[in-house]
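**Q** Starting off with a structure, shown below.
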Amino acid sequence: MESFSSGFVGVIGQTNVGKSTFINAILGKKLVITSPKPQTTRNRIRCIYNSKNVQIVFVDTPGLHRPHNKLSRHILRQAYRTLRELDLILYMVEPWSGLSAYDTLLLDRLTGHDKPIILLVNKIDRAKGNALEETLLAYARTDIFAELIPISAQEGTNLNEALHTVIGCLPKRMAYFPVDMITDQSERFLVSELIREKIVQLTFKELPYSTAVRIKEIEQQSAGSVHIRAEICVVRKSQKGIIIGKHGAMIKEIGTRARRDIETLLGTKVFLDLIVRVRKDWTKDEHEIEILTREEMIV
Ligand SMILES: Nc1nc2c(ncn2[C@@H]2O[C@H](COP(=O)(O)OP(=O)(O)OP(=O)(O)O)[C@@H](O)[C@H]2O)c(=O)[nH]1
Ligand SMILES: [Mg+2]
35 MESFSSGFVG VIGQTNVGKS TFINAILGKK LVITSPKPQT TRNRIRCIYN SKNVQIVFVD
95 TPGLHRPHNK LSRHILRQAY RTLRELDLIL YMVEPWSGLS AYDTLLLDRL TGHDKPIILL
155 VNKIDRAKGN ALEETLLAYA RTDIFAELIP ISAQEGTNLN EALHTVIGCL PKRMAYFPVD
215 MITDQSERFL VSELIREKIV QLTFKELPYS TAVRIKEIEQ QSAGSVHIRA EICVVRKSQK
275 GIIIGKHGAM IKEIGTRARR DIETLLGTKV FLDLIVRVRK DWTKDEHEIE ILTREEMIV
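Residue 302 in my numbering sits at position 268 of the sequence shown, with consecutive numbering throughout.
Now the structure itself:
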């Protein structure tokens with residue numbers, strides 16, 4: 035038998051650097067949600083890259099940040115609990131941030147786990163002057179990275195090189211998951227995330243951080259279509275008004291955009307019913323946070 039490599043690869047870094055965009059680009063499929071706002075990803079989500087001789091389990095993680103409330107502390111715990119299972123860490127930064135005090139702190143914590151770390155400098159399409167060179171130099175000096183690779187997840191630059199480098203670092207062993215599996219998350223969770231993504235993208239201020247989406251029902255129709263009922267939870271009545279919008283314009287826009295993505299994901303026609311519910315102060319209550327942000331793993 036030809037030799038097979040496989041392993042768990044965590045994509046870790048500060049919030050908003052492009053971790054989820056990178057994973058979607060490598061997989062060639064939109065599995066995890068992205069947005070220009072920080073703290074978009076809330077869960078540890080395994081996304082599986084399969085080819086003839088390799089299986090890479092990319093673990094998308096919530097961006098690391100200084101926690102400021104209960105929800106953000108919960109999100110941070112989700113990121114850190116992934117570390118033990120990893121064979122390799124991809125640490126992602128932007129080409130203008132330099133090596134901040136906060137990055138130094140995070141890297142200290144990561145090196146304590148004794149795993150190889152590769153630096154990905156993302157968004158090089160936006161780097162100005164010699165910011166990229168300076169960033170690479172600052173990180174190279176720390177002497178903790180096995181490789182430093184400049185990429186643009188959005189433009190697809192150097193992604194093949196990154197992929198080959200990752201493969202070269204993986205242990206020779208059998209696939210952990212079935213080779214036709216692309217994620218450990220349930221269809222329900224992926225669908226709820228696509229709806230949440232539209233809310234994060236279309237709303238402002240605290241609303242992206244006060245919203246959770248629960249799927250109430252996914253019902254297969256006889257005509258080969260799927261009927262989905264989902265509940266959008268917010269913390270205040272005024273937020274419910276914003277999500278619904280003037281004459282229902284906002285909820286219609288959220289629904290239209292989400293339905294398009296869900297149809298692509300499921301490969302079938304989708305009817306989407308959205309209702310908005312106020313769950314007062316859910317972002318301040320550990321139990322509610324646990325329920326409303328829980329990922330639903332299928333393995
Ligand atoms: N110009 C440019 N923008 C990018 C690139 N990669 C990602 N972005 C943008 O950066 C923003 C954040 O991307 P995400 O993938 O959501 O970032 P993340 O690191 O997963 O963020 P969190 O989940 O909040 O930690 C989005 O607006 C992306 O479109 C890139 O290579 N170039
Ligand atoms: Mg993300």
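We put the CB at the ideal spot given by N, CA and C, even for glycine.
Counting only the same chain and skipping the five closest in sequence on each side, list residues whose C-beta sits under 7 Å from that of Thr55.
**A** Along the sequence shown, one-based indexing puts residue 55 at 21. The residues are Thr68, Ala187 and Gln188.
**Q** Which residues bound the beta strand (DSSP E) around Arg263?
**A** Numbered from 1 along the sequence shown, position 229 holds the residue referred to as residue 263. Residues Val260 to Val268.
**Q** So what's Met208 in DSSP terms, helix, strand or just coil?
**A** Residue mapping note: residue 208 aligns to position 174 of the sequence shown, counting from 1. Reduced to three states, the DSSP call for Met208 is coil.
**Q** Measure the alpha-carbon distance for Val334 versus Tyr173 and round it to whole angstroms.
**A** Past the edges of the chain, shown from 35 to 333, lies residue 334, and the structure says nothing about it.
**Q** With a threshold of 6 Å on Cβ separation, who are the neighbours of Glu253 within its own chain once the five nearest residues in sequence on each side are excluded?
**A** Translated into positions along the sequence shown, residue 253 becomes position 219. Within the same chain, Glu253 has close Cβ partners His261.
**Q** Could you have a look at Pro242 and say whether DSSP puts it in helix, strand or coil?
**A** Counting from 1 along the sequence shown, the entry for residue 242 is found at position 208. Looking at Pro242 - three-state DSSP - the assignment turns out to be helix.
**Q** Mark Tyr243 as exposed unless 16 or more other C-beta atoms lie within 10 angstroms of its C-beta, in which case mark it buried.
**A** To locate residue 243, count along the sequence shown from 1; it is residue 209. It is buried - the Cβ of Tyr243 has at least 16 other Cβ atoms within 10 Å.
**Q** Label Thr95 either buried or exposed according to how many other C-beta atoms from any shown protein chain fall within 10 Å of its C-beta, with 16 as the threshold for buried.
**A** Here residue 95 refers to the residue found at position 61 of the sequence shown. Classification for Thr95: buried.
**Q** Quick one: complete beta strand (DSSP E) runs, 3+ long, within the stretch 64-127?
**A** Whole beta strand (DSSP E) segments, 3+ residues: 79-84, 88-94 and 122-127.
**Q** Rounded to a whole number of angstroms, what is the C-alpha to C-alpha distance between Thr74 and Gln112?
**A** Against the sequence shown, residue 74 aligns to sequence position 40. Against the sequence shown, residue 112 aligns to sequence position 78. If I take the Cα positions, the gap works out to 13 Å.
**Q** If you measure between the beta carbons of Val93 and Arg78, is that distance less than 8 Å?
**A** The sequence position of residue 93 within the sequence shown is 59, counting from 1. The sequence position of residue 78 within the sequence shown is 44, counting from 1. Cβ distance < 8 Å, so Val93 and Arg78 count as in contact.
**Q** Check each candidate in Arg293, Leu124, Leu133 and Thr317 and name the one with the smallest Cα separation from Leu144.
**A** If you number the sequence shown from 1, residue 144 lands on position 110. Considering only alpha carbons, the answer is Leu124.
**Q** Under 7 Å: does the beta carbon of Thr75 sit that close to some heavy atom of ligand 1?
**A** The residue labelled residue 75 in the question sits at position 41 within the sequence shown. Flag set: Cβ of Thr75 near ligand 1.
**Q** Just verifying my parser: in three-state terms, what is the DSSP assignment at Gln255?
**A** As a working mapping, residue 255 is identified with position 221 in the sequence shown. Coil, per DSSP.
**Q** According to the neighbour-count rule (16 or more other Cβ atoms, all chains shown, within 10 Å of its Cβ), is Lys157 buried or exposed?
**A** If you number the sequence shown from 1, residue 157 lands on position 123. Answer is buried; the Cβ neighbour count reaches 16.
**Q** Is it the case that the CB of Ser54 approaches a heavy atom of ligand 2 more closely than 7 Å?
**A** Your numbering for residue 54 matches position 20 in the sequence shown. Yes, ligand 2 has a heavy atom inside 7 Å of this Cβ.
**Q** Helix, strand or coil: how does DSSP classify Lys250 here?
**A** Counting from 1 along the sequence shown, the entry for residue 250 is found at position 216. The answer is strand: DSSP assigns Lys250 an E or B state.
**Q** For Pro129, does the count of other Cβ atoms within 10 angstroms reach 16, so buried, or fall short, so exposed?
**A** Numbered from 1 along the sequence shown, position 95 holds the residue referred to as residue 129. Buried.
**Q** In whole angstroms, what is the alpha-carbon distance linking Ser256 and Gly190?
**A** Locating residue 256 in the sequence shown gives position 222, counting from the first residue. Locating residue 190 in the sequence shown gives position 156, counting from the first residue. Near 40 Å, if we compare the C-alpha coordinates of Gly190 and Ser256.
**Q** For Leu224, which of helix, strand or coil comes out of DSSP?
**A** For the purposes of this step, residue 224 is taken as the residue at position 190 of the sequence shown. Leu224: helix per DSSP, three-state reduction.
**Q** Given Gly279, which residues of its chain have a CB within under 8 Å of its CB, disregarding the five upstream and five downstream residues?
**A** Position 245 of the sequence shown, counting from 1, holds the residue named residue 279. Only Ile285, Lys286 and Glu287 meet the Cβ criterion.
**Q** Per DSSP, what kind of secondary structure is Ile216 in: helix, strand or coil?
**A** For this step, residue 216 is matched to residue 182 along the sequence shown. Reduced to three states, the DSSP call for Ile216 is coil.
**Q** On the three-state DSSP scale, how would you describe Gly62?
**A** Numbered from its first residue, the sequence shown carries residue 62 at position 28. Three-state DSSP puts Gly62 in coil, outside helix and strand.
**Q** So Glu181 packs on Thr199, CB below 8 Å; how close in whole Å?
**A** Within the sequence shown, residue 181 is the residue found at index 147, counting from 1. Within the sequence shown, residue 199 is the residue found at index 165, counting from 1. That belief holds up - the Cβ atoms of Glu181 and Thr199 are roughly 5 Å apart, short of 8 Å.
**Q** Taking Ser220 as the reference, which of Thr245, Arg80, Asn164 and Gly202 has the closest Cα?
**A** Looking up residue 220 in the sequence shown gives position 186. For the residues Thr245, Arg80, Asn164 and Gly202, the minimum Cα distance to Ser220 belongs to Arg80.
**Q** For His108, collect the residues of the same chain with a Cβ closer than 6 Å to its Cβ; drop the 5 residues on either side in sequence, then sort them by chain order.
**A** Residue 108 sits at position 74 when you count from the first residue of the sequence shown. Cβ neighbours of His108 beyond the five flanking positions: Ile323.
**Q** Answer yes if the stretch 231-238 comes into contact with the stretch 199-208, meaning at least three C-beta pairs across the two stretches below 8 Å, and no otherwise.
**A** Output reads no: the stretch 231-238 does not touch the stretch 199-208.
**Q** Within 10 angstroms of its Cβ, does Tyr83 collect 16 or more other Cβ (buried), or is it exposed?
**A** Translated into the one-based positions of the sequence shown, residue 83 becomes position 49. Buried.
**Q** Identify whether Ser272 lies in helix, strand or coil by the three-state DSSP scheme.
**A** Start at 1 with the first residue of the sequence shown, and residue 272 comes out as number 238. Helix, per DSSP.
**Q** Is it the case that the Cβ atoms of Leu204 and Asp121 are separated by a distance below 8 Å?
**A** Counting from one through the sequence shown, the residue named residue 204 turns up at place 170. Counting from one through the sequence shown, the residue named residue 121 turns up at place 87. For Leu204 and Asp121, yes; Cβs fall inside 8 Å.
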